[in-house]
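**Q**
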Amino acid sequence: MGAIAAGIAAFGAALGAGIGNGFVISHTIDGMARQPEMSGALRGTMFIGVGLIEAMPILAIVIGFLVMNK
Amino acid sequence: MGGEAYTFKLFGLTFNATNVISGTIIFVLVFFVLFGLSRHLQMKPKGGQNVIEWLIEFTNGIVREQMPASEVGNYSFLAFVLFAFIFFSNQLGLIFQIGWNGNEIVRSPTADPVVTLTFSLSMIMLAHFAGISKNGLKHYFGSYLKPYAVMLPINLVEEFANFLTLGLRLFGNIFAGELLLKLLGQMAFSHGVPTILVSLPLEIVWQGFSVFIGAIQAYVFVTLTTVYISQKVSAEE
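Residue numbers (the UniProt record's numbering), protein chains in the order written: chain U, 1 to 70; chain Z, 1 to 237.
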């Protein structure tokens, strides 16, 4: 049972992190293509965005690990 | 290399010996590194002084971006110390994991939710206190009603959400990284040589990625702390 719960948690986490990060990074690449001189600032803001977005998916993975063996 | 439980002792209160020992190691390490890098300061820096000057420039830049110009001098030192401490804490668990009798003694202090929530609570309380001491109590209470009075519950929930996510983001990233290192280690020794050959490159790649994540999370924590402080401190016209 715990393994199924962990699998569902990991599914949600991977989906959320993938789609969320995909949006942020793709718009950053668009911005860098438009204005190459801004790419330093855009890169820094992208890392902040990724760090913020990944908070919830990582917590979902931690919950998955916690219930994995129950 | 156990990993299941944490040692604790009681003097009427419960103390987490693992956090105390790991935290003390980090204090001593950060102090000696920064102390050693800042000896013999010269006008034309060379060697260690370059490193510490770059680090101070880096955290000053974070504060300068987020805060109004009159407040930058007050908080740049806080950002520097916070960044150094959290960065070293995140990396400690990738270098040392010392266990004894099935319990852990040394790991990243930030892999414990209590430690990261303590950091987060101190920073949020600092922001509120700085806001009150700079702008007064009336402005502080008024700020909860700020765009419209009906937003009061949303503003209150936002404060709690900031506190929880700031702490749990750091905890989740570091704890998940260390847990996966342990699981890869267990997998490596479970079936003899073939699993060792498969797990070794995975473990190396994951170690490298965790170094990167530790640095990013320290940067995100310091940036968000600065943003929260500047939200409370900047006076609105």
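C-beta atoms are modelled at their ideal positions from N, C-alpha and C, and glycine is treated no differently. All values derive from a computational prediction rather than experimental measurement.
For Z/Ala-127 and Z/Lys-232, which I take to be in contact (beta-carbon distance under 8 Å), what is that distance rounded to the nearest angstrom?
**A** Locating residue 127 of chain Z in the second sequence gives position 127, where the first residue counts as 1. Locating residue 232 of chain Z in the second sequence gives position 232, where the first residue counts as 1. At roughly 5 Å, the Cβ-Cβ gap stays under 8 Å, so Z/Ala-127 and Z/Lys-232 are in contact.
**Q** In or out: Z/Thr-59 buried (at least 16 other Cβ within 10 Å) or exposed?
**A** Residue mapping note: residue 59 of chain Z aligns to position 59 of the second sequence, counting from 1. Z/Thr-59 is buried by the Cβ-count criterion.
**Q** Across the segment 32-41 of chain U and the segment 152-161 of chain Z, are there enough close Cβ pairs to call them in contact, namely three or more that are closer than 8 Å?
**A** In short, these stretches do not touch, since the Cβ pair count stays below three.
**Q** Check whether the segment 16-24 of chain Z touches the segment 69-82 of chain Z, counting contact only when three or more Cβ pairs, one atom from each stretch, lie closer than 8 Å.
**A** No, the segment 16-24 of chain Z is not in contact with the segment 69-82 of chain Z.
**Q** Of the residues U/Ile-48, U/Leu-66, U/Leu-42, which one's Cα is nearest the Cα of Z/Gln-217?
**A** Taking the first residue of the second sequence as position 1, residue 217 of chain Z is located at position 217. Of U/Ile-48, U/Leu-66, U/Leu-42, the residue nearest in Cα terms is U/Ile-48.
**Q** Show which residues of chain U have a CB atom less than 7 Å away from the CB atom of Z/Phe-175.
**A** For the purposes of this step, residue 175 of chain Z is taken as residue 175 along the second sequence, with counting starting at 1. Residues of chain U passing the Cβ test: Val-62.
**Q** What is the DSSP secondary structure of Z/Glu-178, counted as helix, strand or coil?
**A** What you label residue 178 of chain Z is simply residue 178 of the second sequence in a count that begins at 1. The answer is helix: DSSP assigns Z/Glu-178 an H, G or I state.
**Q** So with CB distances below 9 Å, who are the chain U contacts of Z/Tyr-219?
**A** By one-based count along the second sequence, residue 219 of chain Z stands at place 219. Within 9 Å Cβ-Cβ: Gly-44, Phe-47, Ile-48, Gly-51.
**Q** Cβ of Z/Ser-210 within 7 Å of Cβ of Z/Gly-172?
**A** For the purposes of this step, residue 210 of chain Z is identified with residue 210 of the second sequence, where counting begins at 1. For the purposes of this step, residue 172 of chain Z is identified with residue 172 of the second sequence, where counting begins at 1. Against a cut-off of 7 Å, the Cβ pair of Z/Gly-172 and Z/Ser-210 comes out as no contact.
**Q** Could you tell me whether the Cβ of U/Phe-65 comes closer than 7 Å to any Cβ of chain Z?
**A** Position 65 of the first sequence, counted from the start, is the residue given in the question as residue 65 of chain U. Yes, contact with chain Z.
**Q** Z/Phe-32 by DSSP, collapsed to three states: which one?
**A** Against the second sequence, residue 32 of chain Z aligns to sequence position 32. Z/Phe-32 falls in the helix class under three-state DSSP.
**Q** Under 6 Å Cβ to Cβ from Z/Val-227, same chain only, skipping five residues before and after it: list those, please.
**A** Within the second sequence, residue 227 of chain Z is the residue found at index 227, counting from 1. So the list reads Gln-66, once near-sequence residues are dropped.
**Q** Following the continuous beta strand (DSSP E) through Z/Gly-99, name the residue where it begins and the one where it ends.
**A** Against the second sequence, residue 99 of chain Z aligns to sequence position 99. Note, Z/Gly-99: beta strand (DSSP E), 98-100.
**Q** For Z/Phe-85, report the span of its alpha helix (DSSP H) as first-last.
**A** One-based indexing of the second sequence puts residue 85 of chain Z at position 85. Segment 72-95, the alpha helix (DSSP H) holding Z/Phe-85.
**Q** What residues in the segment 140-168 of chain Z bring their beta carbon closer than 8 Å to a beta carbon of chain U?
**A** Cβ contacts with chain U come from Thr-165, Leu-168.
**Q** Run through chain B and tell me which residues come within less than 7 Å of Z/Ile-216, C-beta to C-beta.
**A** No chain B is present in this structure, whose protein chains are U and Z.
**Q** Helix or strand or just coil, what does DSSP make of Z/Phe-209?
**A** Reading the second sequence from its first residue, position 209 is the one you call residue 209 of chain Z. Of the three classes helix, strand and coil, the one that applies to Z/Phe-209 here is helix, per DSSP.
**Q** Exposed or buried, Z/Arg-107, counting other C-beta atoms within 10 Å across all chains shown (16 or more means buried)?
**A** Working through the second sequence from its first residue, we reach residue 107 of chain Z at position 107. Buried, by the Cβ-count rule.
**Q** Using 7 Å as the limit for Cβ to Cβ distance, is Z/Leu-179 near chain U?
**A** Within the second sequence, the letter at position 179 stands for residue 179 of chain Z. Output row for Z/Leu-179: interface = yes.
**Q** Quick check: the segment 60-69 of chain U against the segment 4-18 of chain U, are there 3 or more CB pairs under 8 Å?
**A** With the cut-off at 8 Å, the segment 60-69 of chain U and the segment 4-18 of chain U touch.
**Q** How far does the alpha helix (DSSP H) with Z/Tyr-140 in it extend, from its first residue to its last?
**A** Against the second sequence, residue 140 of chain Z aligns to sequence position 140. Looking at the DSSP string, the run of the alpha helix (DSSP H) that includes Z/Tyr-140 is 137-143.
**Q** Do you know offhand how far U/Lys-27's Cα is from Z/Phe-175's?
**A** Residue numbering aside, residue 27 of chain U sits at position 27 when the first sequence is read from its first letter. Residue numbering aside, residue 175 of chain Z sits at position 175 when the second sequence is read from its first letter. At residue 27 of chain U the sequence reads His, which differs from the Lys that was named. About 30 Å.
**Q** Looking at Z/Ile-105: is its Cβ nearer than 7 Å to the Cβ of Z/Ile-95?
**A** Your numbering for residue 105 of chain Z matches position 105 in the second sequence. Your numbering for residue 95 of chain Z matches position 95 in the second sequence. Their beta carbons are not under 7 Å apart, which means Z/Ile-105 does not touch Z/Ile-95 by this criterion.
**Q** When the cut-off is 7 Å and only beta carbons count, does U/Ile-58 lie next to chain Z?
**A** Position 58 of the first sequence, counted from the first residue, corresponds to residue 58 of chain U. Chain Z contact via Cβ: present.
**Q** Who are the Cβ neighbours of Z/Thr-223 in its own chain at under 6 Å, not counting the five residues just before and after it?
**A** Against the second sequence, residue 223 of chain Z aligns to sequence position 223. For Z/Thr-223, where only same-chain residues beyond five positions count, the Cβ hits under 6 Å are Ile-62.
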